[in-house]
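Q: Under my numbering, the first residue of the sequence shown carries the number 2, and numbering increases by one thereafter. Backbone N, C-alpha and C fix where the C-beta goes; we use that ideal spot for every residue, glycine too. I am attaching a structure below and will ask some questions about it afterwards.
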Amino acid sequence: MVDNFDVVIIGAGPGGYVATIRAAQLGLRAACVDAWLDARGKPALGGTCLNVGCIPSKALLDSSHHYHNVRHLLPAHGIEAGDVKLDLRKMLARKDKVVRTLTRGVAGLLRKNKVESIAGLASLKGGGRVEVAPHGSGDVRALTARHIVLATGSVPIRIPVAEVDGDRIVDNEGALAFSEVPKRLGIIGAGVIGLEFGSVWGRLGSEVTILEALDDFLPAADRRVADEALKVLRRQGLDIRLGARVTGARLQGDAVLVGYEDAGGARECEFERLVVAVGRRANTEGLDPAAAGVELDDHGRIVVDEHCHTTADGIWAIGDAVAGPMLAHKASEEGVAVAERIAGRAAHIDHDIIPWVIYTHPEIAWVGKTEAELDAAGIAHREGSFPFLASGRAQGSGETDGVVKVIADAATDRILGVHVFAANASELIAEAVVAMAFDASTEDIARTIHAHPTLAEAMHEAALAVDGRAVHI
Ligand code: FAD
Ligand code: NAD
Numbered sequence: 002m003v004d005n006f007d008v009v010i011i012g013a014g015p016g017g018y019v020a021t022i023r024a025a026q027l028g029l030r031a032a033c034v035d036a037w038l039d040a041r042g043k044p045a046l047g048g049t050c051l052n053v054g055c056i057p058s059k060a061l062l063d064s065s066h067h068y069h070n071v072r073h074l075l076p077a078h079g080i081e082a083g084d085v086k087l088d089l090r091k092m093l094a095r096k097d098k099v100v101r102t103l104t105r106g107v108a109g110l111l112r113k114n115k116v117e118s119i120a121g122l123a124s125l126k127g128g129g130r131v132e133v134a135p136h137g138s139g140d141v142r143a144l145t146a147r148h149i150v151l152a153t154g155s156v157p158i159r160i161p162v163a164e165v166d167g168d169r170i171v172d173n174e175g176a177l178a179f180s181e182v183p184k185r186l187g188i189i190g191a192g193v194i195g196l197e198f199g200s201v202w203g204r205l206g207s208e209v210t211i212l213e214a215l216d217d218f219l220p221a222a223d224r225r226v227a228d229e230a231l232k233v234l235r236r237q238g239l240d241i242r243l244g245a246r247v248t249g250a251r252l253q254g255d256a257v258l259v260g261y262e263d264a265g266g267a268r269e270c271e272f273e274r275l276v277v278a279v280g281r282r283a284n285t286e287g288l289d290p291a292a293a294g295v296e297l298d299d300h301g302r303i304v305v306d307e308h309c310h311t312t313a314d315g316i317w318a319i320g321d322a323v324a325g326p327m328l329a330h331k332a333s334e335e336g337v338a339v340a341e342r343i344a345g346r347a348a349h350i351d352h353d354i355i356p357w358v359i360y361t362h363p364e365i366a367w368v369g370k371t372e373a374e375l376d377a378a379g380i381a382h383r384e385g386s387f388p389f390l391a392s393g394r395a396q397g398s399g400e401t402d403g404v405v406k407v408i409a410d411a412a413t414d415r416i417l418g419v420h421v422f423a424a425n426a427s428e429l430i431a432e433a434v435v436a437m438a439f440d441a442s443t444e445d446i447a448r449t450i451h452a453h454p455t456l457a458e459a460m461h462e463a464a465l466a467v468d469g470r471a472v473h474i
């Protein structure tokens, strides 16, 4: 049996399922193939993000934040909750329910858009042909399409010095499902996953040690924000060790012994569990890109042009499988743009204005350039910042850690970068993204009325500060 489609999308993560829905909205006959199986061996849509990434990690971050606040923040508000107990099983079950609701929601969206959803592993055969091997027994299904979109996502990078066994030594999947709070938790990598999972388990009671090979903390972030964040996260109890190069990890009884080297020489730590979070790599396993003339780069990413078109006619690629930040919203926007191009429309993504958020507490968020990047490019800039210590709303809520920093072109005042460390930086950054998408100046934000009292007023004050006229500092 051969089925003909206008477009076959391979992968139903935030890149693939969004591309599929947009293609269907534009009247294209679309099919979406996905290989994901959940813990019970059932197909589940939504890819890494919904199943083991963005959604379950944020569910646990929120649950653990509530637990931490009841014990540590509420007493300052005059609220004594008494003997607070943790029911970890219930917390994990809630997280699983959130995931199920959303993955089923994606299946519902595909049905509503009359898309054919096919479970199985897809491989390219050239000439617009795709074969899908079903899970378990059953016939291979042959599909043909005028266009194929590769949205096969990413998988964790493995390092030989710390091999994941899925029990004591885990990756992001295992770190979502510890059956008990580890007494001592080691994490390799102080990147996004290391900091988010370190926060979750630290709030629930683990002693968390994070071993980071680099000397700099969050090198992609603004220095002031990174320095403040490091100070606050260490104060919260995360033992973040920079310049710590892991040399080996071995199991001994119930313990994981991790050896590392830093400026002081060789050291060893003992943990109950170890999370390896040293980055992710593009996933093309089983896809056979070469069979269709799709080239990969030296990092194994699918090579695409600025429109996400691969080196093979009629084959496109998006999301974590191609270069650029590995973020769900980047994958989705590329999916929309590709679907629109396939439908013959103009489409454009501004890769310079992709927001980043790290969901520690306070959250770390940024969009655009850092001062260091502008210095390196020789672009003259001015900046203004405003600390939450001076914000009435932050004082009222007891969330006074953090800062907003706005960077503007020295000649034109156009906003070039905004960096936020704040309780709700993930929401605050949206104002900066919209402003930058409209080429706004700091004067535009300075002349925009912000509600009082809100944390968003800090954005207003930081914009005023660029011109030396912040009012409340
Ligand atoms: P994926 O979501 O990886 O989906 C790819 C899909 O393709 C998978 O379902 C896979 O099974 C399927 N597939 C692969 N090969 C085949 C094949 N040959 N045939 C059929 N199907 C195939 N990003 C954010 O923006 N915000 C966050 O808060 C965030 N938190 C994260 C937390 C964690 C712990 C992790 C690991 C990641 C997080 N990310 C976050 C990153 C985000 O998950 C990814 O950027 C996003 O999922 C990429 O989407 P994608 O569609 O490109 O790929
Ligand atoms: P990462 O690139 O953010 O961080 C990995 C860290 O590990 C780096 O700081 C690196 O220097 C360090 N490292 C690498 N090898 C090491 C070694 N041998 N010893 C010690 N340290 C080592 O990667 P990640 O945290 O695994 O996350 C992967 C990607 O997933 C992120 O880059 C991001 O794109 C995505 N993600 C996003 C979010 C979010 O948007 N909030 C959350 C989680 C994951």
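What is the rounded straight-line gap between the Cα of Val467 and the Cα of His382?
A: Between Val467 and His382, the C-alpha separation is close to 10 Å.
Q: Taking DSSP's pairing of strands, which residues face Arg415 in a bridge?
A: For Arg415, which the question treats as bridged, DSSP gives the partners Ser442.
Q: How many angstroms separate the CA atom of Ile476 from the CA atom of His330?
A: Any answer about residue 476 is impossible in this case: the structure gives the chain only from 2 up to 474.
Q: Residues around ligand 2, please: the ones whose beta-carbon is closer than 6 Å to some heavy atom of it, in chain order.
A: Taken from the N-terminal end onward, the list reads Ile160, Ile189, Gly190, Ala191, Gly192, Val193, Ile194, Gly195, Glu197, Leu212, Glu213, Ala214, Leu215, Arg246, Val247, Ala278, Val279, Gly280, Arg281, Pro326, Met327, Leu328, Val358, Ile359, Tyr360.
Q: Short of 6 Å in beta carbon distance, which residues of its chain neighbour Pro157, apart from the five on each side in sequence? Order them along the chain.
A: So the qualifying residues of the chain are Asp172, Arg281.
Q: Once DSSP output is grouped into helix, strand and coil, what is the label at Gln253?
A: Here Gln253 sits in strand by DSSP.
Q: Return the chain-ordered list of same chain residues with a C-beta closer than 6 Å to the C-beta of Asp216, the five sequence neighbours on each side being excluded.
A: Counting only Cβ-Cβ distances below 6 Å, and skipping sequence neighbours, we find Leu243, Gly244.
Q: Return the residue from the list Ala108, Glu400, Arg95, Ala378 that minimises the CA-CA distance to Pro388.
A: Of the candidates Ala108, Glu400, Arg95, Ala378, the one whose C-alpha sits nearest the C-alpha of Pro388 is Glu400.
Q: Could you tell me whether the Cβ atoms of Val419 and Ala431 are closer together than 8 Å?
A: Against a cut-off of 8 Å, the Cβ pair of Ala431 and Val419 comes out as no contact.
Q: Is Pro15 near ligand 1, in the sense that its beta carbon is under 7 Å from a heavy atom of that ligand?
A: Yes - ligand 1 has a heavy atom lying nearer than 7 Å to the Cβ of Pro15.
Q: In chain order, what residues of the same chain have a beta carbon less than 7 Å from the beta carbon of Leu29, not counting five sequence neighbours either side?
A: For Leu29, where only same-chain residues beyond five positions count, the Cβ hits under 7 Å are Asp7, Val8, Ile343, Ala344.
Q: Relative to the alpha-carbon of Ala324, which residue among Ser442, Glu296, Pro220 has its alpha-carbon at the smallest distance?
A: It is Glu296.
Q: Can you tell me which of the three DSSP states Tyr360 falls into?
A: Correct three-state label for Tyr360: coil.
Q: Distance check for Val209 and Lys43, CA to CA, integer angstroms please.
A: Whole-angstrom Cα-Cα distance: 34 Å.
Q: Taking only heavy atoms of ligand 1 into account, decide whether any of them is closer than 7 Å to the Cβ of Gly54.
A: For ligand 1, at least one heavy atom lies less than 7 Å from the Cβ of Gly54.
Q: Looking at the secondary structure, which residues open and close the alpha helix (DSSP H) in which Val133 lies?
A: Unbroken run through Val133 is the beta strand (DSSP E), 130 to 134; no alpha helix (DSSP H).
Q: Determine, using beta carbons only, whether Ser392 comes closer than 8 Å to chain B.
A: In the structure shown, chain B cannot be found, because there is only a single protein chain.
Q: Does the distance from the C-beta atom of His362 to that of Ala424 stay below 8 Å?
A: Cβ distance < 8 Å, so His362 and Ala424 count as in contact.
Q: For Thr443 versus Ala409, is the C-beta spacing smaller than 8 Å?
A: Yes; because the gap between Cβ atoms is below 8 Å, this pair is in contact.
Q: Please determine, among His308, Val107, His451, Ala322, the residue with the shortest C-alpha to C-alpha distance to Asp299.
A: It is Ala322.
Q: Out of Pro326, Gly129, Ile22, Leu111, state which residue places its alpha-carbon closest to the alpha-carbon of Ala292.
A: Comparing Cα positions, the closest option is Gly129.
Q: Which runs of the alpha helix (DSSP H) spanning at least 4 residues fall entirely within the stretch 324 to 405, listed in chain order?
A: List check, alpha helix (DSSP H) in window: 329 to 343, 372 to 378, 393 to 398.
Q: For the beta strand (DSSP E) that Val305 lies in, which residues bound it at each end?
A: From DSSP, Val305 is part of no beta strand (DSSP E); its letter is neither H nor E.
Q: Could you name the residues of the same chain whose beta carbon sits closer than 6 Å to that of Asp228, not counting the 5 residues immediately before and after it, in chain order?
A: Within the same chain, Asp228 has no close Cβ partners at all.
Q: Quick check: does the Cβ of Asn284 come within less than 7 Å of any heavy atom belonging to ligand 1?
A: At least one heavy atom of ligand 1 is nearer than 7 Å to the Cβ of Asn284, so yes.
Q: Whole angstroms is fine: what's the gap from Val226's alpha carbon to Asp240's?
A: Roughly 18 Å between the two C-alpha positions.
Q: Per DSSP, which one or two residues make a beta bridge with Glu269?
A: In the DSSP output, where bridge partners are listed per residue, Glu269 has Gly260.
Q: Determine the closest residue to Thr102 out of Pro57, Lys184, Gly127, with distance taken between C-alpha atoms.
A: Nearest option by C-alpha distance: Pro57.
Q: For a test of the three-state rule: what should DSSP assign to Ile474, helix, strand or coil?
A: Note: Ile474 maps to coil in three-state DSSP.
Q: Of the residues Ala256, Glu213, Ala283, Arg224, which one's Cα is nearest the Cα of Ala264?
A: Checked all of Ala256, Glu213, Ala283, Arg224; the closest Cα to Ala264 is Glu213.
Q: Might you give, ordered along the chain, the residues of its own chain that have their beta carbon closer than 6 Å to the beta carbon of Gly127, omitting 5 neighbours on each side?
A: Excluding sequence neighbours, Gly127 sits near Ala292, Ala293.
Q: Using DSSP's beta-bridge definition, name the partner residues of Thr145.
A: Partner(s): Asn5, Arg130.
Q: Tell me whether Asp63 counts as near ligand 1, meaning its Cβ is closer than 7 Å to at least one heavy atom of that ligand.
A: Checking every heavy atom of ligand 1 against the Cβ of Asp63, none is found closer than 7 Å.
Q: Using only CA atoms, which one of Thr145, Gln26, Ile211, Thr311 lies nearest to Lys115?
A: Of Thr145, Gln26, Ile211, Thr311, the residue nearest in Cα terms is Gln26.
Q: What's the gap between the Cα of Gly287 and the Cα of Gly109?
A: Using only the alpha carbons, I get a separation of about 27 Å.
Q: Within the present structure, is the beta-carbon of His330 separated from the nearest heavy atom of ligand 1 by less than 7 Å?
A: Indeed, a heavy atom of ligand 1 lies less than 7 Å from the Cβ.
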